[in-house]
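Quick notes on the structure that follows.
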Amino acid sequence: MKDIVVWAELREGKVVDVSFEMITKAVELGDTLGGSVIAVVIGDTCSSCANELISYGADRVVAVEDSRLALYQSGAYARVLADVLVDRAPEVTLIGGTSVGMDLAPRVAAILETGLTAHCVDLYIDTIDGTDQLVQVVPGWGGKIMIKILCPEQRPQMATVRPGVMEKGIPDYSRKGEIVAMTPDLNDDDFMARTLEFVKEKETGVVLESADIVVSGGFGLYASGGFQLVEQLADALGGEVAGTRPAFDHGWITEERMIGQSGKTLRPRLFVSVGASGAMHYTTGFQKAKVIVAIDRNPDAPIFTVSDIGIVGDLNTIVPRIIEELQEKKIQ
Amino acid sequence: MALHIIVPVKQVPDPEHFEKITLNRETGSINRAGVPSITNPLDRHALEEALRQKETAGGKITALTMGPPQARKVIEDALAMGADEGALLCDPLFAGADTLATARTLSAGIRSMGAYDLILCGNDTVDGATGQVPAQIATFLNIPHVTYVRKLDILDGGKAVAERKVEGGYLKVEVVLPAVVSVLKEINDYRLPTVMGIMEAAGKQIREITASVCREFGADEEKLGSKGSPTRVADVFESGLKRKVAIITGEPEEIARALVKKLRKLEAI
Chain A
0 MKDIVVWAEL REGKVVDVSF EMITKAVELG DTLGGSVIAV VIGDTCSSCA
50 NELISYGADR VVAVEDSRLA LYQSGAYARV LADVLVDRAP EVTLIGGTSV
100 GMDLAPRVAA ILETGLTAHC VDLYIDTIDG TDQLVQVVPG WGGKIMIKIL
150 CPEQRPQMAT VRPGVMEKGI PDYSRKGEIV AMTPDLNDDD FMARTLEFVK
200 EKETGVVLES ADIVVSGGFG LYASGGFQLV EQLADALGGE VAGTRPAFDH
250 GWITEERMIG QSGKTLRPRL FVSVGASGAM HYTTGFQKAK VIVAIDRNPD
300 APIFTVSDIG IVGDLNTIVP RIIEELQEKK IQ
Chain B
0 MALHIIVPVK QVPDPEHFEK ITLNRETGSI NRAGVPSITN PLDRHALEEA
50 LRQKETAGGK ITALTMGPPQ ARKVIEDALA MGADEGALLC DPLFAGADTL
100 ATARTLSAGI RSMGAYDLIL CGNDTVDGAT GQVPAQIATF LNIPHVTYVR
150 KLDILDGGKA VAERKVEGGY LKVEVVLPAV VSVLKEINDY RLPTVMGIME
200 AAGKQIREIT ASVCREFGAD EEKLGSKGSP TRVADVFESG LKRKVAIITG
250 EPEEIARALV KKLRKLEAI
């Protein structure tokens, strides 16, 4: 069978975006492989989200339901998913790289003794040595180098992908698919690690991924004494604030606003980078933005090689002028 | 209740020097010359956590690494920080391992250490950054695992409770020991080795574990190293998402005007 299985993650009862991104990619892979897309969702009562999964491209939804599985249970979920994979024997399995996905995928891969590639930035089918194989592309060494990985023999070929790296397709609510609800056969051994509760923490209300305009600041703001200019520019543009790892380390932004390989990947309409030289592990976080503007005082900064518009100069004199210009136009 | 805590550590290239890593486009090989090696930072947090648990409960800490002979250095550092004994898994047969084969090798090494209560790891490494090895070690040892841990309390009766970070908050997870727990940097601030610690380290044991020892403890030699790796690197290339930049020059006011005009034209604002 040349099927592709996608594990659909639920958060407070709803399917997370990255799972839809994986289904969209699975549809593309399935077109080449000639296989179906199967979404597996695990939880308490979760077959209600099946229709949405079908609208994004799942041909079949397997809903594994049990009240003990309402919250993520690392042992039980892994065994349940591994059982489905042994049963369906798919060619490929995709799991969204959230903190939960990154926990589940390796255990499943080890149970099945198959290959798993983390944080893929590209996935496609290529015919190699006469067989159709999943090419898994990952960045290495801070993003400087790209690595193509294969899993030539073991099946399924498994991959995780960070949220926002791949595109979510457009749902077609008229699509039809099959829904299979099943009750798993669980025992105490599956709950040696038992999640007791989910504790919500302060809602930051930041949804960076859906912002059209993002203004990001880096270490260059150190001389300005802080992030005020970045915040004011974001405000003037009607956008969100983000930053680099040094910005996070200095406490100018919270972790949710950190961009890059170990932070968020965004694709806004406009991305403005202020005072960041543009190390690869940062620029991979926004390289798919429509328009990229960089402001930095170093003319040789690598950020200018990945920008559409570059401004070389002192951000302390330039950014306030930009803010004024934007506000002047607004009044007009 | 004395604990035997095992801390796998990894020697990695120093990310401050990643820019120095070059790719030979002809041979496809990576040149790491001039890039110094360090202990993976998250592993130091794991070791610190082990030291704190030992300070409360008593017991012993074994630091373990899989690597070439020079990886011995990270074990020496771990002993200087306070680990009681060390082990170096070193054998040509281990080379070229992906995360699955690495986890198999580490698991066999761990099995050779006798009884243990807890395996504490860093959540991921600065080089591979897959974060896959802790859960895979747990699978091979047939014990539970908890990752993304920022707080760990070991209770009486062979259990622990962890705060496991997730998007939007955390999960409270109760786990039966022995278990694999991988930690985030927010779990603690790690101590640095003291002069006394470095001196004492010289008197501590570092055991060398070869493939034949792993075989004794259940590992199939065909499933170690590159032979035992379901994934393999097919190609390496330079990433090239370059754009053609238009530099705006002039006085700050002129630059600002030109930028806003251009952004309007591009319908970016």
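Top to bottom, those sequences are chains A and B.
When you line the first sequence up against numbering that gives the first Met the number 0, it's residues 0 to 331, in that order.
When you line the second sequence up against numbering that gives the first Met the number 0, it's residues 0 to 268, in that order.
For each residue, glycine too, the CB sits at the ideal point set by N, CA and C.
L265 (chain A) is positioned such that its CB atom lies closer than 8 Å to that of G163 (chain A). Contact between the stretch 220 to 229 of chain A and the stretch 116 to 129 of chain A is absent: fewer than 3 CB-CB pairs across the two stretches fall below 8 Å. By the 16-neighbour rule on beta-carbons within 10 angstroms, M157 (chain A) is buried.
Distance from the CA of T193 (chain B) to the CA of I205 (chain B), rounded to the nearest whole angstrom, comes to 19 Å.
Within the stretch 210 to 277 of chain A, the runs of alpha helix (DSSP H) at least 4 residues long that lie entirely inside it are, in chain order, 227 to 236 and 244 to 248. In the structure shown, G33 (chain B) adopts coil according to DSSP, grouped into three states. For V85 (chain A), the secondary structure class from DSSP, reduced to helix, strand or coil, is helix. Under DSSP, W6 (chain A) takes part in a beta bridge, and its partners are A:V39 and A:I94.
Residues of chain B whose Cβ lies closer than 7 Å to the Cβ of E177 (chain A) do not exist, since the nearest Cβ in that chain is about 30 Å away.
Cβ neighbours of P40 (chain B) within its own chain (closer than 8 Å, five residues either side excluded): G121, V125 and K184.
If only complete runs of 3 or more residues are kept, the stretch 69 to 93 of chain B shows the beta strand (DSSP E) at 84 to 88, in order along the chain. Burial state of L176 (chain B) is buried, judged by a 10 Å Cβ sphere holding 16 or more other Cβ atoms. Contact between V137 (chain A) and T116 (chain A) holds: CB atoms are separated by about 6 Å, below the 8 Å threshold. Shown here for M145 (chain A): same chain residues with a beta carbon closer than 8 Å to its own, the five before and five after excluded, namely V120, V136, V137, P138 and G139 in chain order.
Under the Cβ distance rule, P89 (chain A) does not count among the residues neighbouring chain B, no pair being separated by less than 8 Å. Nearest CB-CB separation between V4 (chain A) and chain B: not below the 8 Å threshold.
Contacts with chain A at 8 Å (Cβ-Cβ) include S238 (chain B). A:L68 is the residue among A:L68, A:C150 and A:S35 whose C-alpha sits nearest the C-alpha of C45 (chain A). In its chain, beyond the 5 residues on either side, I247 have a beta carbon closer than 6 Å to the beta carbon of A257 (chain B).
Inter-residue distance for Q231 (chain A) and G216 (chain A) is about 12 Å (C-alpha atoms, whole angstroms). Contact between I94 (chain A) and T23 (chain A) fails: their C-beta atoms lie close to 14 Å from each other, not under 8 Å. The DSSP-derived three-state label of T304 (chain A) is helix. The stretch 62 to 82 of chain A makes contact with the stretch 170 to 183 of chain A, as at least three CB pairs between them are under 8 Å. Rounded to the nearest whole angstrom, the CA to CA distance from V311 (chain A) to N297 (chain A) is 6 Å. M145 (chain A) sits in a strand when the DSSP states are folded into three classes. For A233 (chain B), the closest C-alpha among the options A:Q132, A:W6 and A:K263 is that of A:Q132.
Here P35 (chain B) is exposed. Its C-beta has fewer than 16 other C-beta atoms within 10 Å. DSSP, reduced to helix, strand and coil, places Y169 (chain B) within a strand of the structure shown.
At a cut-off of 8 Å between C-beta atoms, D13 (chain B) does not count as an interface residue with respect to chain A.
With a 10 Å radius around the Cβ and a threshold of 16 neighbouring Cβ atoms, G249 (chain B) comes out exposed. Under the Cβ criterion of 8 Å, H144 (chain B) is counted among the residues facing chain A.
Here A255 (chain B) is near I317 (chain A), since their CB atoms are less than 8 Å apart. Partner residues in the beta bridge of P7 (chain B), as assigned by DSSP, are B:L63.
From the listed residues A:Q260, A:N186, A:S47 and A:G242, the smallest Cα separation to G96 (chain A) is found for A:Q260. Residues of the stretch 37 to 71 of chain A with a C-beta atom less than 9 Å from some C-beta of chain B are L70 and Y71, listed in chain order. When Cβ-Cβ separations below 8 Å define contact, L265 (chain B) makes contact with chain A.
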